[in-house]
Amino acid sequence: MGTIIEGAEGLFTGRREAPRAKGAIRYEAGIITHVGDVVAAPGDTIIDASGCVIYPGLVNTHHHLAQSMLKAIPAAIDLPVTEWLVEVPYRYWRKLDEATFRLAATIGMVELLLSGATTIADHHYIYSPDLGYDPSEILFEIAASLGLRFVLCRGSATRPSRLSAQGAVGVPAETIAQTLDTIAALAQRFHQSGPGSMRKVVLAPTNLIWSVEPQDIRDLSREGRALGLRLHSHLSEAPGDVAHCLQTRGLRPVHYAAQNDFVGDDVWFAHLVHVDDAELNLLVETGTGMAHCPQSNARLGSGIAPAPKLAALGGRVTIGVDGAASNEAADMISEMHSAWHLHRTGGRPDAVRVEDVVSWSSVNGARMLGFEDTGSLEPSMAADIAVFDLSQPRYAGLHDPLIGPVVSAGSAQMRRLVIAGADIVVDGIIPGLDLGNLARDARRGIARLIDQN
Ligand SMILES: [Zn+2]
């Protein structure tokens, strides 16, 4: 017996060649069986989606869930990225006890679910024996309890933090052997490949320029690939990253990554704001992807990544919300609105179309993370489906309702969110989760953090 969602104003498939469809969508045993004209089978459940539009479940390719309890810290609200790193993640990481970390991860995942995300990649780099808990285990546990597809990009550093000189207490460095042992153990325990996979592990040195030595990069990429894992890192977020790479390595960052075997169709980088044409071409030639994080880049004054240019050259653009300490929200729809809007400030109102942003946020993200059976709405794909309700006044008057969630911005109203065929959000509610309690716990947690500071 299957489920049919019918009566919507339209749906985005996520596919570039046929982005829009009309009609209904049917799924059974977690797999989409029909899109468009659907005839109900005996026993099918019918869900009414009148007044709604349907998108593929959205895919967030770069995040730091730990930062969901570090939003809008007054001392850092107007700082650029390096100073912000000192004032926020590096000032607070040791204060994230297990309860606070669990709260942060839950808030971030819930925010994403309520904005239509079905798959999250979290770049977590805060690991220390002093913590007294295992962040990786907790992230997988909470994601599973919420029914999310979850990708842990396990961060690491073999060099002490460059920010120690500025008064920051850096996350302890590891030896390359420690990192590789940890990654291998994580992969063995959590990594799934093939159809239906719900969790993956990615090898993700925290910052390719600052956190690791060239030989480490080569060792990490070789060993990661031998384990069948993808590779991820931060790259070229701020002009200082490029200057430092040129000064110390004699190459711009993407060429430096290539020199050390850290490019390919199994690699994506967060940001890539400051890349020249030769670097863009190298990204395209190698299939290396971008996690475009326009809101964090704007908030920190880092610049605007050339995502449309990379896409026009045939490159791989995906969307990441980045940590909520440099974004103040973890909301895919908000990020998609910014990706659609921001590039138009350059003088071209057709710089990015909604269809582009939907592809970046769905099928492109899923493929980049290694999911072959999610990210688009078509038969045989996993039933990861976001149904947005357009009954709020902000959507009234739209001549093209399908693009409403992206162009009208604001907080999306989830009529339903389905992951692998399971109902995760129903009429804006996550069954079993009290959002009022979550907000109260967050206020108490923030009071504790402020007291400790
Ligand atoms: Zn980041």
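Here this note's numbering is used: the first residue of the sequence shown is 907, the next is one more, and so on.
All C-beta atoms in this analysis are idealised placements derived from N, C-alpha and C, irrespective of residue type, glycine included.
Because the structure is a prediction, the values reported are computed rather than measured.
Discussion item. Just to confirm, is the Cβ distance from G963 to D1290 under 7 angstroms?
Written reply: yes
Worksheet item: Counting Cβ pairs closer than 8 angstroms, one from the region 923-937 and one from the region 970-989, do we hit at least three?
Response: no
Worksheet item: Whole alpha helix (DSSP H) runs in the region 1126-1177 with 4 or more residues, listed along the chain?
Response: 1145-1155 and 1159-1165
Worksheet entry | Start-end ranges of the beta strand (DSSP E) lying completely within the region 1076-1127, minimum 3 residues | 1105-1109
Worksheet entry | Straight-line gap, F1007 to A972 (C-alpha atoms, nearest Å) | 6 angstroms
Worksheet item: Who are the near neighbours of I1044 in its chain, counting only those whose CB is closer than 8 angstroms to its CB and skipping five residues on each side?
Response: If we look at I1044 and ignore the five residues flanking it on each side, its Cβ neighbours are E1004, F1007, R1008 and A1011.
Worksheet item: Under the three-state reduction of DSSP, which class applies to A955: helix, strand or coil?
Response: coil
Worksheet item: DSSP state of M1015, grouped into three classes?
Response: helix
Discussion item. Do L1135 and A1093 have their beta-carbon atoms positioned less than 7 angstroms apart in this structure?
Written reply: yes
Worksheet item: Hey, would you say L1109 sits closer than 7 angstroms to G1130, going by beta carbons?
Response: The answer is yes: Cβ separation under 7 angstroms.
Worksheet item: Exposed or buried, what is N1203 when buried is set at 16 or more other beta-carbons lying within 10 Å of its beta-carbon?
Response: buried
Worksheet entry | Opening and closing residue of the alpha helix (DSSP H) in which H1361 lies | Because the chain in this structure spans residues 907 to 1359, residue 1361 falls outside the shown range and cannot be described.
Practice prompt. Less than 8 angstroms between the CB atoms is what I'm expecting for R997 and T1024, so what's the real figure, rounded?
Written response: Not really, about 33 angstroms apart at Cβ, beyond 8 angstroms.
Fill in: Residue burial classification, G1338 (beta-carbon count within 10 angstroms, cutoff 16)
exposed
Discussion item. Does the distance between the C-beta of A871 and the nearest non-hydrogen atom of ligand 1 fall short of 6 angstroms?
Written reply: With the chain covering only 907 through 1359, there is no way to say anything about residue 871.
Practice prompt. Mark N1359 as exposed unless 16 or more other C-beta atoms lie within 10 angstroms of its C-beta, in which case mark it buried.
Written response: exposed
Worksheet item: What do you get for K928, buried or exposed, if any count of 16 or more other CB atoms within 10 angstroms of its CB means buried?
Response: exposed
Discussion item. With DSSP as the reference, identify every bridge partner of A1027, one or two as the case may be.
Written reply: V1057
Worksheet item: Is the beta carbon of E1278 less than 7 angstroms from the beta carbon of V941?
Response: no
Practice prompt. Note down the Cα distance separating S888 from T1224, rounded to an integer number of angstroms.
Written response: The structure shown does not extend to residue 888, since the chain is modelled only from 907 through 1359, so no value can be given for it.
Item to complete: Mind the definition here: the region 1307-1315 touches the region 1238-1248 only if three or more C-beta pairs lie below 8 angstroms; say whether that holds.
Response: yes
Worksheet item: DSSP on D1295, reduced to helix/strand/coil?
Response: strand
Worksheet item: Quick one: what's D905 bridged to in DSSP?
Response: Not covered by the structure: residue 905. The range shown for the chain is 907 to 1359.
Worksheet item: Does the distance from the C-beta atom of E1143 to that of H1198 stay below 7 angstroms?
Response: Not in contact: E1143 and H1198 (Cβ atoms no closer than 7 angstroms).
Worksheet item: Tell me, which residues are paired with N966 by DSSP?
Response: I1026
Worksheet entry | CA-to-CA distance, A1074 to G916, given in whole angstroms | 50 angstroms
Discussion item. Once DSSP output is grouped into helix, strand and coil, what is the label at V1313?
Written reply: helix
Item to complete: Check I1210 in the structure and name its three-state DSSP category.
Response: coil
Worksheet item: Would a C-beta distance cut-off of 7 angstroms place V1293 and A955 closer than the cut-off?
Response: When the beta-carbon positions are compared, V1293 and A955 come within less than 7 angstroms of each other.
Practice prompt. Return the Cβ separation of W894 and V1227 in integer angstroms, given the expectation that the two are a contact with Cβ distance under 8 angstroms.
Written response: Absent from the model: residue 894. The displayed extent of the chain is 907 to 1359, so no value can be given.
Discussion item. Please classify N1233 as buried or exposed, where buried requires at least 16 other C-beta atoms within 10 Å of its C-beta.
Written reply: Buried is the call here.
Fill in: Chain-order list of residues whose beta-carbon lies under 6 angstroms from that of W1266 (same chain, five-residue window excluded)
These residues qualify, in order along the chain: V1223, T1224 and I1225.
Worksheet item: Quick one, which of R1273, G1209, A1236 and G1229 has its alpha-carbon nearest P986's?
Response: With distances taken between Cα atoms, P986 lies closest to G1209.
Item to complete: Mark H1305 as exposed unless 16 or more other C-beta atoms lie within 10 angstroms of its C-beta, in which case mark it buried.
Response: A residue is called buried when at least 16 other Cβ atoms come within 10 angstroms of its Cβ; H1305 does not meet this threshold and is exposed.
Fill in: Heavy atom of ligand 1 within 6 angstroms of D1228 beta-carbon
yes
Discussion item. Counting C-beta neighbours from all protein chains within 10 Å, is the total for M907 16 or more, i.e. buried, or is it exposed?
Written reply: exposed
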